[in-house]
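Number of protein chains: 2
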Amino acid sequence: MLEDGKAVMLLKTDARDKIWIDAFAQAMPELEVRLWPDMGDPSEINCALLWGPPPELFDALDNLEVIFSIGAGVDSLLTCPTLPTHLPIVRMVEPELTAGMVEFCLFHVLRFHRLMPQLETNRIARHWEELTQAPASEITVGVMGLGVLGMALARQLTALRYQVIGYRRGPGEVDGLEVFHGEAQLEAFMRRSEILVALMPSTQETRGLINSRTLSWLPPTAYVINAGRGDLVNERDLVKALDEGSLAGAALDVFETEPLPRDSVLWTHAKVYMTPHVASITHPPTACRYIAEAIDDFRQGKPWPNLVEPGRGY
Amino acid sequence: MLEDGKAVMLLKTDARDKIWIDAFAQAMPELEVRLWPDMGDPSEINCALLWGPPPELFDALDNLEVIFSIGAGVDSLLTCPTLPTHLPIVRMVEPELTAGMVEFCLFHVLRFHRLMPQLETNRIARHWEELTQAPASEITVGVMGLGVLGMALARQLTALRYQVIGYRRGPGEVDGLEVFHGEAQLEAFMRRSEILVALMPSTQETRGLINSRTLSWLPPTAYVINAGRGDLVNERDLVKALDEGSLAGAALDVFETEPLPRDSVLWTHAKVYMTPHVASITHPPTACRYIAEAIDDFRQGKPWPNLVEPGRGY
């Protein structure tokens, strides 16, 4: 039992095995880490930290008590057919992951707001023109998804004096932020968003949410930033809007298929700034401290933090 | 006399005449504005708001009492041979100018920190590689020049958790910031600066300050951002350092000659992000409110704000 006995952690990483093992050695020297697929006696394993578990993984883990996700998004966990959904599933929330996402989205908001795509075009033509730039206070940024990442971004954008509005699944007030929610308010939200930042999880409700119909609601010189999940955006519809000129530009870090297929037009589309899913990754040292604290707290009778609700998909 | 009489403002703008005139009409409806070169009776003019005054301008202005600079940098004023240096010269300090500079520098710091130049190269090659990125807390940004703009940038970078160090001309403590000063401490400052942001004024002391000798002090993968004045940087030395690989990249908004000559290698150098002096410009509505307040305060016996010291060059 994790509660009063030894913690044995199954680790399946996102290709940074050694860094994770070192980070656990630092944060939880008492922890026994077993690196997948070398599980030893699977019945001894009572916790797991996972990225993209193989389909049958959980069948062998009879005494598992808690599952930690390596990423902030848990779609790769929730689609695993053997996932024991009755167990606590703890989302990764750690300061470096949040900071990285804020930096990435901020870079792209600044790039679009400060007309860098136009300046890059002018540069190639050796054309010197001091474009007139709007103050941040005249730009409305719409943040879709108001979890830990979306809220951190909204706060930072507000500090830089942007007009920030938010969109989320269900109702609820957020201090200092105008919030739209649900399907009924999506159009009103998009009509106001001059720069739209998608930070929603991939769920049945969000898949393909950014499509020809919803893109048509954006102001005509709008920009889209997707740093959430690739399937939030219908890529064909997005390219169509860019090519028709109804959308001014896009920054895409995530894609319907990853790695992005070599023949995708998104690699080199003149109006697309494409990056290979680098917006933010979990930082093992701070992540292991988060896990250590969660297990400590659990042993003292406190609830697990940041629990995933498999029913709603995140 | 400005003190107890009518204010007559000579206006020579940076090519935005109408916007400035409208902004004064809003902020100071009682002000009489005369747009250079239509000065009317020059002896009636008691204040002036100027950008790049022509050499003889001040000879005609016998009753001038105060000079306002349109820009934050006053080098174009101070090199005017007829400038009456005994008069108060008020530097432009207004929130939108500061905000624009912070945005611009922040964009470039994020771009370098988040390895966007490398990702842009990979994109052209259709090469998907999730580069490992350092947390902001492991990056040291050196801000050269700790006036209103430099300090605002330092505060914002600190909020994003960068390690920030500052460099200035003379000694003096700054709360929460490690400050280097004077020639003797320049090497120590540069050796620490992984991203160097030049925000100094153009003075006898700063001209050519960034040259082969001082660039050699930077860490080998350092980046330089110049949003101050073009002559802070010896362009030939900078290009040499980039070509030799001792400097990783540069973002240049200002140049030894502006507009940048069409044959300059800086237009299209692979390691240079060039922009045409757009980092930040004065926003007439807030600038005119600043001037209105300064004149009001003066009439109530208060000193002029943000006075230039011609002797030190800024």
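Going down the list, the protein sequences come from chains A and B. If you read the first sequence in the working numbering, its first letter stands for residue 1, the second for the next number, and so on. If you read the second sequence in the working numbering, its first letter stands for residue 1001, the second for the next number, and so on. Even for Gly, the Cβ is constructed at its ideal location relative to N, Cα and C.
Here's a check: name, in chain order, each residue in its chain whose Cβ is nearer than 7 Å to the Cβ of residue i, leaving out the five neighbours to either side.
i                  : result
Asn-211 (chain A)  : Asn-234 and Asp-237
Gly-1245 (chain B) : none
Thr-1013 (chain B) : Trp-1020, Trp-1051 and Ile-1070
Glu-1056 (chain B) : Thr-1082
Phe-112 (chain A)  : Ile-195, Tyr-223 and Gly-249
Val-33 (chain A)   : Met-9, Leu-11, Ile-21 and Phe-24
Arg-114 (chain A)  : Gln-133
Leu-1087 (chain B) : Leu-1064, Glu-1065, Val-1066 and Ile-1067
Give a yes or no on whether 8 Å exceeds the smallest Cβ distance from residue i to chain B.
i                 : result
Gln-118 (chain A) : no
His-277 (chain A) : yes
His-86 (chain A)  : no
Gly-100 (chain A) : yes
Trp-51 (chain A)  : no
His-269 (chain A) : no
Pro-284 (chain A) : no
Glu-138 (chain A) : no
Arg-229 (chain A) : no
Glu-194 (chain A) : no
Leu-106 (chain A) : yes
Arg-155 (chain A) : no
Arg-123 (chain A) : yes
Note down, in chain order, each residue of its chain lying with its Cβ closer than 6 Å to the Cβ of residue i, except the 5 sequence neighbours on either side.
i                  : result
Gly-1150 (chain B) : Val-1143 and Leu-1199
Phe-68 (chain A)   : Leu-49, Val-90 and Ile-291
Val-1308 (chain B) : Val-1074, Ile-1089 and Arg-1091
Leu-242 (chain A)  : Lys-271
Gly-1100 (chain B) : Ser-1280
Ser-43 (chain A)   : Asp-62 and Asn-63
Leu-1209 (chain B) : Leu-1232
Pro-1284 (chain B) : Ile-1019, Trp-1020 and Ala-1023
Is the Cβ of residue i closer than 8 Å to any Cβ of chain A?
i                  : result
Glu-1130 (chain B) : yes
Leu-1110 (chain B) : yes
Met-1274 (chain B) : yes
Leu-1260 (chain B) : yes
Leu-1160 (chain B) : yes
Glu-1096 (chain B) : yes
Glu-1235 (chain B) : no
Arg-1289 (chain B) : no
Glu-1256 (chain B) : no
Arg-1126 (chain B) : yes
Glu-1173 (chain B) : no
Gln-1133 (chain B) : yes
Glu-1205 (chain B) : no
Glu-1103 (chain B) : yes
Arg-1299 (chain B) : no
Arg-1326 (chain B) : Lying outside 1001 to 1314, the shown extent of chain B, residue 1326 (chain B) is not represented and no answer is given.
Indicate whether residue i and residue j have their beta-carbon atoms separated by less than 8 Å.
i                  : j                  : result
Ile-295 (chain A)  : Ala-7 (chain A)    : yes
Val-102 (chain A)  : Asn-306 (chain A)  : no
Ile-165 (chain A)  : Phe-189 (chain A)  : yes
His-1277 (chain B) : Glu-120 (chain A)  : no
Val-66 (chain A)   : Cys-80 (chain A)   : no
Ala-1159 (chain B) : Leu-1177 (chain B) : no
Cys-1288 (chain B) : Phe-1058 (chain B) : no
Thr-1286 (chain B) : Glu-1096 (chain B) : yes
Arg-1312 (chain B) : Thr-1206 (chain B) : no
Tyr-167 (chain A)  : Ala-136 (chain A)  : no
Arg-1170 (chain B) : Gly-1182 (chain B) : What sits at residue 1170 (chain B) in the sequence shown is Gly, not Arg. Taking 8 Å as the Cβ cut-off, Gly-1170 (chain B) and Gly-1182 (chain B) qualify as a contacting pair.
Val-1179 (chain B) : Leu-1146 (chain B) : yes
Phe-104 (chain A)  : Ala-184 (chain A)  : no
Arg-262 (chain A)  : Glu-3 (chain A)    : no
Leu-157 (chain A)  : Val-174 (chain A)  : no
Gly-1230 (chain B) : Glu-1258 (chain B) : yes
Pro-201 (chain A)  : Tyr-314 (chain A)  : yes
Am I right that residue i and residue j are in contact with their C-beta atoms under 8 Å? What's the rounded C-beta distance?
i                  : j                  : result
Val-1272 (chain B) : Leu-1252 (chain B) : 6 Å
Val-148 (chain A)  : Thr-98 (chain A)   : 6 Å
Ala-60 (chain A)   : Met-28 (chain A)   : Ala-60 (chain A) to Met-28 (chain A), Cβ: 23 Å. No contact.
Leu-1031 (chain B) : Asp-1017 (chain B) : With a Cβ gap of about 15 Å, Leu-1031 (chain B) and Asp-1017 (chain B) do not count as contacting.
Pro-1053 (chain B) : Leu-1077 (chain B) : 7 Å
Ignore the nearest five residues each way along the sequence and tell me which others in residue i's own chain have a CB closer than 8 Å to its CB.
i                  : result
Leu-266 (chain A)  : Glu-235, Val-239, Leu-252, Phe-255, Leu-260, Val-272 and Met-274
Ala-1222 (chain B) : Ser-1193, Glu-1194, Ile-1195, Leu-1196, Leu-1247 and Ala-1248
Next on the checklist: Quick check on the DSSP output: what are the complete beta strand (DSSP E) runs of length 3 or more inside the stretch 1177-1254 of chain B, in order along the chain?
Outcome noted: Correct list: 1178-1181, 1195-1198, 1223-1226 and 1249-1252.
Checklist entry - Whole alpha helix (DSSP H) runs in the stretch 110-152 of chain A with 4 or more residues, listed along the chain? => result Qualifying alpha helix (DSSP H) stretches, in chain order: 116-124.
Item to check | Inside the stretch 1056-1093 of chain B only - alpha helix (DSSP H) runs reaching at least 4 residues | outcome: Given a length threshold of 4 residues, each whole run of the alpha helix (DSSP H) inside the stretch 1056-1093 of chain B is given here in chain order: 1075-1078.
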